[in-house]
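Asks: Here this note's numbering is used: the first residue of the sequence shown is 95, the next is one more, and so on. Just so you know, even glycine gets a beta-carbon here, dropped at the ideal spot from N, CA and C. One structure follows; several queries about it will come next.
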Amino acid sequence: SCGLGTRMGKGPTIFAALAVVPHGILSASSLIFHTVPKERVVNRPMIWQEFRAHNIIFGLRSVATTLLAWAAIYKPSVQQSAIVLSCFSVIIANAFADVATAKLRENDVESTTATMPYWEGASIETQRKFKTFYAYCQFIATLTCMACANPAWPLCVLLPIQLASLLMTLVRKGLISARTYHIGYTASLCMPFLVGVRTALYAKSIEFPIVMGIAWALYQLRRKGVSKYILWAPIVAARIALGDKVLSPQLW
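Here it is, written out as structure tokens:
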């Protein structure tokens with residue numbers, strides 16, 4: 095549980111929680127760079143303003159929900175409040191991301207994931223597989239952020255968010271190729287699955303397989319054009335209503 099505490103091992107400490115804060119500062123610090131282009135670079139995966147805004151928003155979401163999951167263990171009396179705040183953090187992050195898109199997107203046909211540039215020679219089928227995995231992982235990330243159980247879940251989601259910016263910077267400097275970016279980013283997206291499998295095996299729980307199933311169902315509905323707010327509203331309501339009856343630090 096990344097040193098953030100567990101009912102089955104060592105308890106949480108203030109130091110572990112404070113150690114998460116610099117990750118949030120790191121995400122926000124990208125605003126000091128004023129040379130980030132507003133338009134996406136067409137042929138290479140490089141940082142542009144809309145991507146940076148989304149990166150900050152979802153990075154801070156992971157930090158906030160990690161701290162809330164930690165708080166639920168550190169002080170069990172606030173667990174229900176932590177669950178509610180985690181759920182609202184997800185909705186607020188989505189809303190802020192929409193505002194950022196409205197203000198910063200230059201081309202309505204583009205999106206931060208679906209129109210990401212690939213390397214020369216990448217087949218349509220290869221691109222489709224990458225895009226499907228990227229989109230599916232976004233739903234996994236959102237669900238793990240509202241789980242408010244294992245602090246390692248929202249924390250590990252932060253890795254691909256921050257690594258993507260680093261990899262894009264390396265692409266801009268000519269140190270890695272577009273292919274290397276996609277391979278590296280895809281590898282980082284596997285981290286939540288590793289944490290989830292570890293939880294399933296170590297705690298003998300079925301939480302993460304259920305999360306994977308819900309994420310796939312949400313992804314399919316989103317593909318059919320269902321509004322993300324319509325998708326997430328009943329999930330948020332159900333998570334708040336369930337409280338710690340299903341997802342609980344006591345289980346892992």
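Is Asn149 near Ala258, with beta carbons less than 8 Å apart?
Replies: As a working note, residue 149 is residue 55 in the sequence shown. As a working note, residue 258 is residue 164 in the sequence shown. In this structure, Ala258 lies closer than 8 Å to Asn149 by Cβ.
Asks: Report the residue from Phe182, Phe190 and Arg273 whose alpha carbon sits nearest the alpha carbon of Ser217.
Replies: Taking the sequence shown and counting its residues from 1, one reaches residue 217 at position 123. Considering only alpha carbons, the answer is Arg273.
Asks: Quick check: what's the CA-CA separation for Met140 versus Ala163?
Replies: Here residue 140 refers to the residue found at position 46 of the sequence shown. Here residue 163 refers to the residue found at position 69 of the sequence shown. Looking at the two C-alpha atoms, the distance is approximately 33 Å.
Asks: Should Glu301 be labelled buried (16 or more other beta-carbon atoms within 10 Å of its own) or exposed?
Replies: Residue 301 sits at position 207 when you count from the first residue of the sequence shown. Its Cβ being crowded by 16 or more others within 10 Å, Glu301 is buried.
Asks: Scan the stretch 275-328 and note each continuous beta strand (DSSP E) run of 3 residues or more that stays entirely inside, going in chain order.
Replies: You should have found no qualifying run.
Asks: How would you label Gln173, buried or exposed, when you count the other beta carbons within 10 angstroms and need 16 or more for buried?
Replies: On the sequence shown, residue 173 is found 79 positions in, with the first residue counted as 1. Its Cβ being crowded by 16 or more others within 10 Å, Gln173 is buried.
Asks: Have a look at Arg292 and Ala331 and give me their C-alpha separation to the nearest angstrom.
Replies: For the purposes of this step, residue 292 is taken as residue 198 along the sequence shown, with counting starting at 1. For the purposes of this step, residue 331 is taken as residue 237 along the sequence shown, with counting starting at 1. Near 28 Å, if we compare the C-alpha coordinates of Ala331 and Arg292.
Asks: Any idea what DSSP makes of Ser156, helix, strand or coil?
Replies: As a first step, residue 156 must be located in the sequence shown, where it is residue number 62. Ser156 falls in the helix class under three-state DSSP.
Asks: Skipping 5 residues on each side, what residues in its chain have a beta carbon closer than 7 Å to that of Arg134?
Replies: Looking up residue 134 in the sequence shown gives position 40. Only Trp142 and Glu204 meet the Cβ criterion.
Asks: Put Ile270 into one of helix, strand or coil per three-state DSSP.
Replies: Counted from its first residue, the sequence shown places residue 270 at position 176. Coil.
Asks: Cα separation between Pro254 and Ser171?
Replies: For this step, residue 254 is matched to residue 160 along the sequence shown. For this step, residue 171 is matched to residue 77 along the sequence shown. Roughly 32 Å between the two C-alpha positions.
Asks: First and last residue of the alpha helix (DSSP H) that includes Glu204?
Replies: For this step, residue 204 is matched to residue 110 along the sequence shown. Per DSSP, Glu204 belongs to no alpha helix (DSSP H) and is neither H nor E.
Asks: Rounded to a whole number of angstroms, what is the C-alpha to C-alpha distance between Gln344 and Ile277?
Replies: For the purposes of this step, residue 344 is identified with residue 250 of the sequence shown, where counting begins at 1. For the purposes of this step, residue 277 is identified with residue 183 of the sequence shown, where counting begins at 1. Note that Gln344 scores 48 on pLDDT, short of 50, meaning its location in the model is unreliable; the coordinates nonetheless yield the value given after this. Answer to the nearest angstrom: the Cα atoms are 36 Å apart.
Asks: Exposed or buried, Ser123, counting other C-beta atoms within 10 Å across all chains shown (16 or more means buried)?
Replies: For the purposes of this step, residue 123 is identified with residue 29 of the sequence shown, where counting begins at 1. Exposed, because fewer than 16 other Cβ atoms sit within 10 Å of the Cβ of Ser123.
Asks: Just how far apart, CA to CA, sit Leu336 and Ala241?
Replies: As a first step, residue 336 is located in the sequence shown; it is residue number 242 there, counting from the start. As a first step, residue 241 is located in the sequence shown; it is residue number 147 there, counting from the start. Answer to the nearest angstrom: the Cα atoms are 11 Å apart.
Asks: Answer with buried or exposed for Val251, where buried requires no fewer than 16 other C-beta atoms within 10 angstroms of its C-beta.
Replies: Taking the first residue of the sequence shown as 1, we reach residue 251 at position 157. Its Cβ being crowded by 16 or more others within 10 Å, Val251 is buried.
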